[in-house]
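To start, the structure itself, in structure tokens.
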Amino acid sequence: MTVSATRTARIGVDIGGTFTDLVMIEGDGRLYHAKVPSTPAAPEEAVIAGISDLVRDSGISVADVREIVHGTTVGSNTLLQKVGARAGLITTAGFRDVLEIGRLRTPNMFDLQWDKPAPLIPRRHRLEAQERIAADGTVITPLDEASVIAAAAALVEAGVDSIAVCFLNSYRNPVHEQRAEELIRARFPKVQITTSVSVLPEAKEYERTSTTVVNAYVGPVLAAYLQRLQTGIRRLGVNAPLLVSNSNGALASAETACEKPVFFISSGRAAGAVGGARLGEALAQENLVIFDMGGTTASATLVNGGELSRVSEYEFRAGISTPSRFIKAGGYMMSVPTVDVAEVGSGAGSIAALDSAGLIRVGPLSAGADPGPVCYGLGGEAPTVTDANLVLGYLPEELAGGARHLDKAASEAAIAARLGDALGLEATEAAHGIREVVNANMARAIRAVTVERGVDPRDFTLVAIGGSGPVHAAAIASLLSMDKLLIPATPGVFTAMGMLSGDIERYFTAPIGRVVEDVDLQDLAAATADLRRQAIANLREEGIPEEAMELLPEANMRFRGQEMSLAIPFAEPFDPARVREDFLETYRSIYSYVSSDAVEVVGIRMTGRGLRQGRLDFRKLSAPDHEEAGPVSRRKVYFGKDAGWIETPVYDRTRSPRKLTGPVVLESNDSTVVVPPAATVERDDFLNLHIRLS
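Using full-length UniProt numbering, the first residue of the sequence shown is number 1, and each one after it goes up by one.
Below, the structure is given as structure tokens:
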């Protein structure tokens, strides 16, 4: 094949629990994608293999790959599996137990058996230094440098290789933390150090300490992974920069991800939500629920009026994670900007079992990629959602374009042995029970971002992404009385596409701590100008020219005495009356009332956004021109007790007629789309599917 010297390409990569998804887009809009089995023991191996496959299949030169954008689960898996660095904490004398105390809350006040998550750093590795700074930033007790050195030496002797430094009120005056960092680096240069003022110079001791500790705990693991990945990419001959997707759906360099990994914990799931919002914008659809179902988890995000829902803090926890502003203390707190995602531990690889009451439970344990579902034939013995879908006819006997053969007989036997026999059910009935339970679990995540926020899901379109999202989307929409579904052109690799549609972002904060009417406007203007300078300097380091920069100031505001704050955008110069009114309006829209208490400005945040020239635009994708064809096969599909088994036509999605009436199954090498009886499905010019339920 002759390779054109003018071809350029960008690659997006998303690592899932079962498959690693890759998308490559050329400058003219041509799109290529691939799914390769994930390699949990060394995630970079699947990424490198997938990039090699894409380059080979497209015929492009490795020298023409201009950018690789990556979403990684290394951070979240490190927290979930508790396999982070051996970390220590040095803090102000008397405050070593801040992590234990937390917020003095429980996520469910009626759960008397709830156990608080164990701190990432045990008490024996949380040591104290003599120093004290007042709430106004004045020094009460000067830093005792000997106590810092002694604490660091004790931690290093105990085998600690990452140290978090978090002193009381350091966000007001960082000199003690900065000096402590200098002292530790001079004596222990191999130890990674995270200061709270470098990660989160904001008020609230627990939140700041927890965020700093997560950064120190995850940092060495993520840095080692990204270094291995970059080395492997270079060996392929690709010299393009590596960008990493952060928890807010934006991008930053791999170097930034190594320095501040706490901003990248929810890397992958946020990118899919951003991609869904961009797709909605391209199709002029402003009200969407982005539903993403992968191998391990399923998540839901709301796009309301064209705006993607975001929050300024979240907790990482196992099992179900709902973004409620009222339920706290169930996980590890991180005060970082993030897409507001409700997540449940129910994915295609989630294991189905009987609980103590003899009822079917699905998840949060997952078979993952190794050993995987029973039907993979890799040693898995516990039936999963994938096994149930295969038995019910929803899935073909080969996935990812033939990369994985599925053993239907093995799935039937496992479901019968583990569930059916105990429940007195046939394998089909037990498989249907698994599917019903997992659908209910995932509908719960969607209710968390709609009904629980006072939003009627019936007014929204359900966008189904992920390898398994389109298999379950219609059934979940029916549970929620939603009748409109949108399936993107490549749902199985859509998260990787979402990364290619993101911009560069960096975040900078400064404390204020005044009632809004009493804010010193000169001081606030000076602080805002300083944050702007920091943002511009950091975006320049990311290679962004000034004409492509957006600087977005926000004020973190609350009623006096409250713990939580809301981020309110403001235009410069700062207008106290206008910003106060915007805060009240935002507060009322969330909580349905406002207080008569004074309104405080806790601090300001500057988001520096770099608009990427090569960002994916869904309106410019070029879809291949395929001639329509009839069904490639037929198979029996079980559509519930009322409809039973129905002989269903199966189409190659890229060659199917533009409009069909269900029941229909549409297959491609990245996903399977299930259209139930009486529903209609129509394909647009960009291969997106629009489904209307009867």
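Backbone N, C-alpha and C define an ideal beta-carbon position, used for all residues, glycine too.
task: Check the DSSP bridge columns for Gln192 and list the partner residues they point to.
output: Here residue 192 corresponds to residue number 192 of the sequence shown, with the count starting at 1. Gln192 pairs with Ser162.
query: Are the CB atoms of Ser266 and Ala348 nearer to each other than 7 angstroms?
result: If you number the sequence shown from 1, residue 266 lands on position 266. If you number the sequence shown from 1, residue 348 lands on position 348. No. Outside cutoff.
- request: Using alpha carbons as the reference points, say which of Ser309, Thr72, Glu281 and Arg126 lies closest to Asn246.
  value: Here residue 246 refers to the residue found at position 246 when the sequence shown is read from its first residue. Comparing Cα positions, the closest option is Thr72.
query: If we ignore side chains and look at the alpha-carbon of each, how far apart do Leu689 and Pro488 end up?
result: Sequence index remark: in the sequence shown, residue 689 carries index 689 (1-based). Sequence index remark: in the sequence shown, residue 488 carries index 488 (1-based). Using only the alpha carbons, I get a separation of about 6 angstroms.
- prompt: Using DSSP with H/G/I as helix, E/B as strand and the rest coil, what is Asp53?
  reply: Residue mapping note: residue 53 aligns to position 53 of the sequence shown, counting from 1. Residue state, collapsed to three classes: helix.
- prompt: Between Val23, Ser162 and Asp28, which lies nearest to Ser52 when the distance is taken from Cα to Cα?
  reply: Here residue 52 is taken as the residue at index 52 of the sequence shown, counted from 1. Selected option, being the one with the closest Cα: Val23.
message: Once the 5 residues before and after Ile320 are set aside, which same chain residues still bring their CB inside 6 angstroms of it?
response: The sequence position of residue 320 within the sequence shown is 320, counting from 1. Legend: pLDDT at Ile320 = 49, less than 50; position of this residue unreliable, value from coordinates given subsequently. Cβ neighbours of Ile320 beyond the five flanking positions: Val344.
task: Evaluate Asp387 with the Cβ neighbour count: other Cβ atoms within 10 Å of its Cβ, from every protein chain shown; 16 or more gives buried, anything less gives exposed.
output: Here residue 387 is taken as the residue at index 387 of the sequence shown, counted from 1. Under this definition Asp387 is a buried residue.
query: To the nearest angstrom, how far is it from the Cα of Pro323 to the Cα of Val336?
result: Walking along the sequence shown from the start, residue 323 turns up at place 323. Walking along the sequence shown from the start, residue 336 turns up at place 336. Residue confidence for Pro323 is low, a pLDDT of 48 falling below 50, so the modelled location carries little weight; the figure read from the coordinates is stated next. So the alpha carbons of these two residues sit roughly 14 angstroms apart.
query: Since Glu131 sits in a beta bridge, which residues does DSSP pair it with?
result: The residue given as residue 131 occupies position 131 in the sequence shown. Per DSSP, none; premise fails for Glu131.
- request: Run the CB neighbour count on Gln192, radius 10 Å, all protein chains shown included, and call it buried at 16 or more, exposed below.
  value: The residue labelled residue 192 in the question sits at position 192 within the sequence shown. It counts as buried.
message: For the structure I just gave you, are there three or more beta carbon pairs, one from the segment 366-379 and one from the segment 285-299, closer than 8 angstroms?
response: yes
Expected contact under 8 angstroms - CB spacing of Arg96 and Leu127 to nearest Å: Walking along the sequence shown from the start, residue 96 turns up at place 96. Walking along the sequence shown from the start, residue 127 turns up at place 127. The Cβ separation is near 7 angstroms, so the contact holds.
query: Looking at Ala464 and Phe291, is the spacing between their C-beta atoms short of 7 angstroms?
result: Here the question's residue 291 lines up with position 291 in the sequence shown. Here the question's residue 464 lines up with position 464 in the sequence shown. Their beta carbons are under 7 angstroms apart, which means Phe291 touches Ala464 by this criterion.
- prompt: When you compare only the Cα positions, how much space is there between Gly662 and Arg683?
  reply: Here residue 662 refers to the residue found at position 662 of the sequence shown. Here residue 683 refers to the residue found at position 683 of the sequence shown. The straight-line gap from Cα to Cα measures roughly 14 angstroms.
field: Cβ shell of Ser4 (< 6 angstroms), same chain only, five flanking positions each side left out
entry: Along the sequence shown, one-based indexing puts residue 4 at 4. The predicted model places Ser4 with a pLDDT of 44, which falls under 50 and marks its position as unreliable, so this point remains unresolved.
task: Measure the C-alpha to C-alpha separation of Ile351 and Pro569 and round it to an integer number of angstroms.
output: Taking the first residue of the sequence shown as 1, we reach residue 351 at position 351. Taking the first residue of the sequence shown as 1, we reach residue 569 at position 569. Approximately 44 angstroms, taken between the alpha carbons.
message: So within the segment 556-633, which uninterrupted alpha helix (DSSP H) runs reach at least 4 residues, ignoring any that extend past its ends?
response: 576-591
- request: Identify which residue in Val438, Met606 and Leu423 has its Cα closest to the Cα of Ala531.
  value: On the sequence shown, position 531 is the one that residue 531 refers to. Contrary to the premise, residue 531 reads as Leu rather than Ala in this sequence. Closest by alpha carbon: Met606.
field: CB contact flag (Thr91, Gly84, <7 angstroms)
entry: Against the sequence shown, residue 91 aligns to sequence position 91. Against the sequence shown, residue 84 aligns to sequence position 84. Taking 7 angstroms as the Cβ cut-off, Thr91 and Gly84 do not qualify as a contacting pair.
field: Separation of Ser565 from Val455, as counted between CA atoms
entry: On the sequence shown, residue 455 is found 455 positions in, with the first residue counted as 1. On the sequence shown, residue 565 is found 565 positions in, with the first residue counted as 1. Distance between the alpha carbons of Val455 and Ser565 is about 22 angstroms.
field: Residue-level contact to chain C via CB, Leu288, 7 angstroms cutoff
entry: Considering every chain present, this structure includes no chain C. It has just one protein chain.
field: Ala555 to Ala93 span [Cα, whole Å]
entry: Position 555 of the sequence shown, counted from the start, is the residue given in the question as residue 555. Position 93 of the sequence shown, counted from the start, is the residue given in the question as residue 93. About 32 angstroms.
task: Can you grab the Cα-Cα spacing for the pair Phe19 / Val36, in whole Å?
output: For the purposes of this step, residue 19 is taken as residue 19 along the sequence shown, with counting starting at 1. For the purposes of this step, residue 36 is taken as residue 36 along the sequence shown, with counting starting at 1. Approximately 6 angstroms between the Cα atoms of the pair.
task: Would you kindly check if the distance between the Cβ of Arg310 and the Cβ of Val339 is under 7 angstroms?
output: Taking the sequence shown and counting its residues from 1, one reaches residue 339 at position 339. Taking the sequence shown and counting its residues from 1, one reaches residue 310 at position 310. Yes, Cβ-Cβ distance for Val339 and Arg310 is below 7 angstroms.
query: Alpha carbon to alpha carbon, how far is Lys260 from Glu541?
result: Against the sequence shown, residue 260 aligns to sequence position 260. Against the sequence shown, residue 541 aligns to sequence position 541. The alpha-carbon atoms of Lys260 and Glu541 are separated by roughly 15 angstroms.
CB of Val197 within 7 angstroms of CB of Ser170, strictly: To locate residue 197, count along the sequence shown from 1; it is residue 197. To locate residue 170, count along the sequence shown from 1; it is residue 170. In contact: Val197 and Ser170 (Cβ atoms closer than 7 angstroms).
- request: Report the residue from Gly424, Ile434 and Leu302 whose alpha carbon sits nearest the alpha carbon of Phe460.
  value: Numbered from its first residue, the sequence shown carries residue 460 at position 460. It is Leu302 whose Cα lies nearest to the Cα of Phe460.
- prompt: Which first and last residues belong to the beta strand (DSSP E) in which Glu343 is found?
  reply: Counted from its first residue, the sequence shown places residue 343 at position 343. Looking at the DSSP string, the run of the beta strand (DSSP E) that includes Glu343 is Val341 to Val344.
C-alpha distance - Met557 paired with Ala203, whole-angstrom precision: Taking the sequence shown and counting its residues from 1, one reaches residue 557 at position 557. Taking the sequence shown and counting its residues from 1, one reaches residue 203 at position 203. Distance between the alpha carbons of Met557 and Ala203: 12 angstroms.
- request: Would you mind giving the Cβ-Cβ distance between Leu616 and Leu524, rounded to the nearest angstrom? I have them listed as a contact below 8 angstroms.
  value: Numbered from 1 along the sequence shown, position 616 holds the residue referred to as residue 616. Numbered from 1 along the sequence shown, position 524 holds the residue referred to as residue 524. With 8 angstroms as the limit, Leu616 and Leu524 do not qualify as a contact, their Cβ atoms being about 37 angstroms apart.
- request: Tell me, please, whether the segment 634-646 touches the segment 568-585 by the rule of three or more beta-carbon pairs shorter than 8 angstroms.
  value: no
task: Evaluate the contact criterion for the segment 438-455 versus the segment 407-424: three or more CB pairs, one atom per stretch, below 8 angstroms.
output: no
Proximity of Asn173 and Thr194 at Cβ, strictly below 7 angstroms: Locating residue 173 in the sequence shown gives position 173, where the first residue counts as 1. Locating residue 194 in the sequence shown gives position 194, where the first residue counts as 1. Contact: no.
For Leu226 and Leu236, the rounded distance between their alpha carbons: Your numbering for residue 236 matches position 236 in the sequence shown. Your numbering for residue 226 matches position 226 in the sequence shown. Taking the straight line joining both Cα atoms gives about 15 angstroms.
field: Coarse secondary structure for Asn304, derived from DSSP in three states
entry: In the sequence shown, the residue the question calls residue 304 occupies position 304. Asn304 falls in the strand class under three-state DSSP.
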